[in-house]
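Everything below concerns the one structure shown next.
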Amino acid sequence: MDISTTPVASTGEVSRYEVFNYLVPTVIETTNRGERAFDIYSRLLKDRIIFLGTPINDEIANLIMAQLLHLEGEDPEKDINLYINSPGGSVTSALGIYDTMTFIKPKVSTICMGQAASAAAILLAAGEKGKRFILPHARVLIHQPHGGAEGQSTDIEIAAKEVQRIRDQLDAILAEKTGQPVEKITADTDRDFIMNATEAVEYGIVDQVIQARAAQGESPMA
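Numbering of the sequence shown is given in full-length UniProt numbering, commencing with residue 1 and proceeding in unit increments.
Structure, rendered in structure tokens:
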């Protein structure tokens, strides 16, 4: 997780070009009014599915937050499914998504496919308890935040205090969401702490490993 120590974007963030410089599939739907084209993510949004499949920066966070708010406006009682395959990124951006997930009325189910690392692991754990899932070969990685600072010693001291404040905040969130003692979270995140799917369930990051989608009506993801 990256922490910016200045007003500019934090290190490790990616530009619009880097995020969207790939072909996004288009889905064609035929209705009685003719054909309509959707990019794949917009089509998934119609089914209340949000996909986080990139590093997390302010731009991506704004898109995710906007989708969460939009789906709340459409139906405040119906669950939202957040699929995650992300290496993490900016901690402030991720906390913006986290706060929005807890702010809106709909319950948010989280599903890890591939990996949920660093800040993305916080979002995975932040899903509604009982509705946090992981696919069999996905992994979860947690660690302490990191940041860089330069300049006068006073500036470096301020930056170090901010990194520690953020770390304490993240440790408290993980402790609440996993049920682990804060002391254990702090010790485990001192270096990269990697879990496979089964270990992530045992740790409390997620609730269940899923291998196949259940029949209609038997799963919140159906």
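The beta-carbon is built from N, C-alpha and C at its ideal position, and this holds for glycine as well.
Check your understanding: Going by the CB atoms, is the gap between residue 80 and residue 108 shorter than 8 Å?
Key -> In this structure, residue 80 lies closer than 8 Å to residue 108 by Cβ.
Exercise for review: Report the option in 73, 25, 118 and 112 whose CA atom is closest to the CA atom of residue 143.
Suggested key: 118
Check your understanding: What does a CB cutoff of less than 8 Å around residue 201 pick up in its chain, not counting 5 residues either side in sequence?
Key -> Within its own chain, the residues whose Cβ lies closer than 8 Å to the Cβ of residue 201, once the five positions on either side in sequence are excluded, are 134, 207, 208 and 209, listed in chain order.
Point to revise | DSSP beta-bridge partners of residue 39 | key: The bridge partners DSSP lists for residue 39 are 26.
Review point. How long is the line joining the alpha carbons of residue 84 and residue 53, rounded to whole angstroms?
Key: 6 Å
Practice item. Just confirm the distance between the C-beta atoms of residue 126 and residue 86, as a whole number of angstroms; I'd bet it's less than 8 Å. Key: Contact flag wrong, Cβ pair sits at about 13 Å.
**Study point:** Of the listed residues 55, 77 and 102, nearest to residue 93 (C-alpha basis)
**Key:** Looking at 55, 77 and 102, the one whose alpha-carbon comes closest to that of residue 93 is 55.
Exercise for review: State the Cα-Cα distance for the pair residue 70 and residue 102, rounded to the nearest angstrom.
Suggested key: Distance between residue 70 and residue 102, taken at the CA atoms: about 15 Å.
Practice item. Please say whether residue 110 and residue 132 have beta carbons closer to each other than 8 Å? Key: yes
Point to revise | Environment of residue 28 [buried if 16+ CB atoms lie within 10 Å] | key: exposed
Point to revise | residue 139 - partner residues in DSSP beta bridges | key: Note: residue 139 sits in a beta bridge opposite 115 and 196.
**Study point:** Delimiting residues of the alpha helix (DSSP H) encompassing residue 165
**Key:** 153-178
Check your understanding: Alpha carbon to alpha carbon, what distance is there between residue 114 and residue 219?
Key -> For residue 219, the predicted model reports a pLDDT of 48, less than 50, meaning its position is unreliable; a value from the coordinates is still stated below. So the alpha carbons of these two residues sit roughly 20 Å apart.
Review point. Exposed or buried, residue 8, counting other C-beta atoms within 10 Å across all chains shown (16 or more means buried)?
Key: Model confidence at residue 8 stands at a pLDDT of 31, short of 50, so the residue's coordinates are unreliable; what they give is reported in the following sentence. Here residue 8 is exposed: its Cβ has fewer than 16 other Cβ atoms, across all protein chains shown, within 10 Å.
Exercise for review: Express the C-alpha separation of residue 34 and residue 213 in angstroms, rounding to a whole number.
Suggested key: 31 Å
Practice item. Indicate whether residue 47 and residue 24 have their beta-carbon atoms separated by less than 8 Å. Key: no
Check your understanding: Under a three-way DSSP split, which group does residue 96 fall into?
Key -> Looking at residue 96 - three-state DSSP - the assignment turns out to be helix.
**Study point:** Sub-8 Å separation of residue 145 and residue 91 beta-carbons
**Key:** Yes, these two residues count as a Cβ contact at 8 Å.
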